[in-house]
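Taken in order, these protein sequences are the chains called A and B.
Numbering-wise, the first sequence is residues 43 to 192 according to my numbering.
Numbering-wise, the second sequence is residues 43 to 192 according to my numbering.
All C-beta atoms, glycine included, are put in the ideal place defined by N, C-alpha and C.
Following: one structure in structure tokens, then a few remarks.
Number of protein chains: 2
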Amino acid sequence: MNKYMKAAINEAYRGIKNREGGPFGAVIVKDGKIISRAHNQVLKNADPTCHGEMQAIRRAARKLGTHDLSGCEIYTTAEPCPMCLGGIMWANIDRVFYGCNTLDTESIGFRDKRFYEQTEKERAEFVTECDRDACLKLFGDYKNGNHEVY
Amino acid sequence: MNKYMKAAINEAYRGIKNREGGPFGAVIVKDGKIISRAHNQVLKNADPTCHGEMQAIRRAARKLGTHDLSGCEIYTTAEPCPMCLGGIMWANIDRVFYGCNTLDTESIGFRDKRFYEQTEKERAEFVTECDRDACLKLFGDYKNGNHEVY
């Protein structure tokens, strides 16, 4: 068994033992070493963003002192949801290894599938454009200020 | 102009003035009142998960003491990226109002499009299954433990 996945599973057990959240653990590896370990803490922290992967990313970034986790890999007990996959991509993580897939996660009651099943009509009712011109002015001011883009 | 979007824009200006991150502000509204305000702090916090929407969700959850933000709406200066949209959906936020769209965000240098443009082949190289059986055992143990599902 992969030793990093084993560490991710151990993290998940730690989390469910204390009822901190779902059975989701993750570790981030750089140059063969685990640089962060985390598990789902949505219930413990009363924070919907505290999935295992997100917590692992935050800890790794804090440890390395940068938002750029290039050269890192993440091992996670479940296929990342769109939020976590987005976080992984923004962090520039090189590769993702997951244990259970989205349907497995769905089978124990977590609502992963709805992200992929939203229809165009449902999405249009959910997400609406508003005051684009005022926001384009903001974007222009930003661009003219020679800010860093990442 | 929508007063909540105006507040989101003001947040964004606060963030770029101090070079905390990109021109992205967000506010969360419940029963007509703004319950949290935030802006992108990826650079300030050296944390890739600190998009404006994510920060606003975390603050609203802290304020209300729950991971469930049903009954809330979010106003954000840019169309949410997959990470933020995922966070919004996990938080059960009712509706999203955004200013600039994904192409606008791309036009000032942020790499939003790549999330949507990843090919099947690229994704297969990026995301790999590993030790599913061991993780299924974890999921079974979780399910048998009568844990809360959210």
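Short Cβ contact (7 angstroms threshold) for residue i with residue j
i: D154 of chain B; j: T144 of chain B; result: yes
i: D183 of chain A; j: N44 of chain B; result: no
i: E81 of chain A; j: R56 of chain A; result: According to the sequence displayed, residue 81 of chain A carries His and not Glu. Yes, they are a contact pair.
i: V138 of chain A; j: V71 of chain B; result: no
i: C126 of chain B; j: E95 of chain B; result: yes
i: F181 of chain A; j: C142 of chain B; result: yes
i: T108 of chain A; j: G67 of chain A; result: no
Residue range of the alpha helix (DSSP H) that includes residue i
i: I51 of chain B; result: 45–59
i: C126 of chain B; result: 124–132
i: G187 of chain A; result: Run containing G187 of chain A: none; DSSP gives neither H nor E here.
i: T144 of chain A; result: 144–149
i: E42 of chain A; result: The displayed coordinates of chain A run from 43 to 192. Any statement about residue 42 of chain A would go beyond what the structure contains.
Residues bridged to residue i (per DSSP)
i: K72 of chain A; result: A:K75, A:C114
i: G67 of chain A; result: A:H81
i: E121 of chain B; result: DSSP, once it has assigned bridges, lists no residue as partnering E121 of chain B.
i: R137 of chain B; result: B:E115
i: E171 of chain B; result: A:Y140
Span of the beta strand (DSSP E) around residue i
i: G94 of chain B; result: Per DSSP, G94 of chain B belongs to no beta strand (DSSP E); it is in the alpha helix (DSSP H), 94–106.
The ligand HEM heavy atom lying under 6 angstroms from the CB of residue i
i: G128 of chain B; result: Absence of the ligand HEM from the depicted structure is noted, as is the absence of any ligand whatsoever, leaving it without description.
Partners in chain E for residue i, counting only beta-carbon separations shorter than 7 angstroms
i: C114 of chain B; result: Structure shown: chain E not included; protein chains present are A and B.
Task: Members of the segment 158–173 of chain B near chain A, C-beta cut-off 9 angstroms - done: Q160, E167, F168, V169, T170, E171, C172, D173
Task: Contact list for the segment 72–96 of chain B against chain A, Cβ threshold 7 angstroms - done: V84, L85, A88, D89, P90, T91, M96
Task: Near-chain A residues of the segment 136–156 of chain B - C-beta to any C-beta below 9 angstroms - done: D136, R137, V138, F139, Y140, G141, C142, N143, D146, T147, S149, I150, G151, F152, R153, R156
Open item on the list: By the 8 angstroms beta-carbon criterion, what residues does the segment 48–61 of chain B contribute toward chain A?
Closed with: K48, I51, A54, Y55, I58, R61
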